[in-house]
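Right, one structure below, let's go through it.
Protein chains: 2
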Amino acid sequence: MKFIVRDTDYAVRALVYMAKQSLSKNKKVFTVDEVVREEGLPGRFLRKLLQTLAKRGLLVSNKGKKGGFSFLKPPASIKLTDIMEAFQGRVDITNCLLKGRPCPNKKKCILRKTLKNINKLIQRELEKITVVSLLEGR
Amino acid sequence: MKFIVRDTDYAVRALVYMAKQSLSKNKKVFTVDEVVREEGLPGRFLRKLLQTLAKRGLLVSNKGKKGGFSFLKPPASIKLTDIMEAFQGRVDITNCLLKGRPCPNKKKCILRKTLKNINKLIQRELEKITVVSLLEGR
DNA sequence: AATTAATGATACTAAAATAGTATTATTAAA
DNA sequence: TTTAATAATACTATTTTAGTATCATTAATT
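Encoded structure:
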């Protein structure tokens, strides 16, 4: 079950690396190439991901020599859900299918109710996880 | 987020229909064509799905004239998770990616722990849902 | 015995999603 | 002016999804 997509996964790795360097060495600016070297991620692809995070207001980007990406929001305030939303939308496991047509049973569907409740819980739990908590393992 | 795949969705619809007829009219055997007519699902596709359920031991199939599918397990004992497992494996949202390579951080990854706990909870909740509870909406 | 109406098994296929790559433009420092 | 970075956007290969198609088998009916 693909709950966390690859984009999110790669972005998390990049951010955790950046947070680590930022907290331990007070490093501020990171080029895509550096992160790629350290984390072994595909370069052009990661660049696109970091661009997305910049558009989302989690990072700032600076062009030109000495340019790169840095945190706009402090990494302790970046939730896993922020990153997930950037790449896969809000957590939503309540999908019903049936070929585009609306489910004729939406109102009384017990599955839907259950999934909605589970969804809230997932949301709450994932909001507790931040880039820093991922780094520190707690 | 694709939590319930189309196969599962279609299979659930078929089984709920069958359970309804079974409980209200004491109907026992259902052809694919009948279910397709009533539920508007793609025929050849549904046939494959019901075959899978038969292999899984939820249904029995009978070939030939007057053949069709009928419940092996009573519909009140068929859990949503049984159906999901047939088509999408066990509920597992704890996937880590990184291009095939094992995540170097598996042990202390807080995300992994959190997802494992959530996963257990989802499993427990979905096991409460059966074909009959879906039919009755409770 | 032949016909009909059902499933069984398996191969095939079109479309969409995923996971990237490639190219050209822009920008800022040295 | 050169170099080293990101920005934007188009392109592409692979995989997954959502089916369809074909032929075989089986059992009841005639």
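Taken in order, these protein sequences are the chains called A and B. Start counting the first sequence at 211; every next residue gets the next number (the working numbering). Start counting the second sequence at 211; every next residue gets the next number (the working numbering). Each residue gets a CB set at the ideal place from its N, CA and C atoms; glycine is no exception.
message: Is there a Cβ of chain A sitting closer than 7 Å to that of T291 of chain B, yes or no?
response: For the purposes of this step, residue 291 of chain B is taken as residue 81 along the second sequence, with counting starting at 1. No - not a single Cβ of chain A is within 7 Å of the one on T291 of chain B.
query: Does DSSP classify L269 of chain A as helix, strand or coil?
result: As a first step, residue 269 of chain A must be located in the first sequence, where it is residue number 59. Three-state result, L269 of chain A: strand.
Interface residues of the segment 236-247 of chain B facing chain A [CB-CB below 7 Å]: none
- prompt: Would you say R257 of chain B reaches chain A, if we count a Cβ-Cβ gap shorter than 7 Å as a contact?
  reply: Within the second sequence, numbered from 1, the residue matching residue 257 of chain B stands at position 47. Output row for R257 of chain B: interface = no.
message: With distance defined between alpha-carbon atoms, name the residue in B:L290, B:I214, B:S343 and B:Y220 nearest to R254 of chain B.
response: For the purposes of this step, residue 254 of chain B is taken as the residue at position 44 of the second sequence. For the residues B:L290, B:I214, B:S343 and B:Y220, the minimum Cα distance to R254 of chain B belongs to B:Y220.
- prompt: Mapping DSSP to helix, strand and coil, what is T369 of chain A?
  reply: An answer regarding residue 369 of chain A cannot be provided, because it is not within the stretch 211 to 348 covered by chain A.
task: Express the C-alpha separation of L260 of chain B and K338 of chain B in angstroms, rounding to a whole number.
output: As a working note, residue 338 of chain B is residue 128 in the second sequence. As a working note, residue 260 of chain B is residue 50 in the second sequence. Roughly 22 Å between the two C-alpha positions.
message: Tell me the DSSP secondary structure of K275 of chain B in three-state form.
response: As a working note, residue 275 of chain B is residue 65 in the second sequence. It is coil, neither helix nor strand.
- prompt: Short check: CB of A224 of chain B to CB of V239 of chain B, under 7 Å?
  reply: By one-based count along the second sequence, residue 224 of chain B stands at place 14. By one-based count along the second sequence, residue 239 of chain B stands at place 29. Not a contact, by the Cβ cut-off of 7 Å.
task: With 7 Å as the threshold, decide whether the Cβ of D217 of chain B is near any Cβ in chain A.
output: The residue you call residue 217 of chain B lines up with position 7 of the second sequence. No, D217 of chain B does not count as interfacial toward chain A.
- prompt: Of all the CB atoms in chain A, is at least one closer than 7 Å to the CB of F213 of chain B?
  reply: By 1-based counting over the second sequence, the position of residue 213 of chain B is 3. Yes, F213 of chain B lies at the interface with chain A (some Cβ there is under 7 Å from its Cβ).
message: My output table needs one value for K230 of chain B: the three-state DSSP class, helix, strand or coil.
response: As a position in the second sequence, residue 230 of chain B is number 20, starting the count at 1. Reduced to three states, the DSSP call for K230 of chain B is helix.
message: Judging by CA-CA distance, which residue of B:N327, B:L336 and B:L321 is the nearest neighbour of I320 of chain A?
response: Locating residue 320 of chain A in the first sequence gives position 110, where the first residue counts as 1. For the residues B:N327, B:L336 and B:L321, the minimum Cα distance to I320 of chain A belongs to B:L336.
message: Spatial neighbours of A229 of chain B within its chain, please: C-beta separation below 7 Å, excluding the five flanking residues on both sides.
response: Taking the second sequence and counting its residues from 1, one reaches residue 229 of chain B at position 19. Closer than 7 Å at the Cβ level, and outside the excluded window around A229 of chain B, lie P285, V341, V342 and L345.
query: T324 of chain B versus chain A: which residues are under 8 Å apart at the beta carbon?
result: The residue given as residue 324 of chain B occupies position 114 in the second sequence. Those within 8 Å of T324 of chain B in chain A are E335, L336, K338 and I339.
- request: Report the neighbours of S343 of chain A on chain B: residues whose CB is nearer than 7 Å to its CB, in chain order.
  value: Walking along the first sequence from the start, residue 343 of chain A turns up at place 133. I320, listed in chain order.
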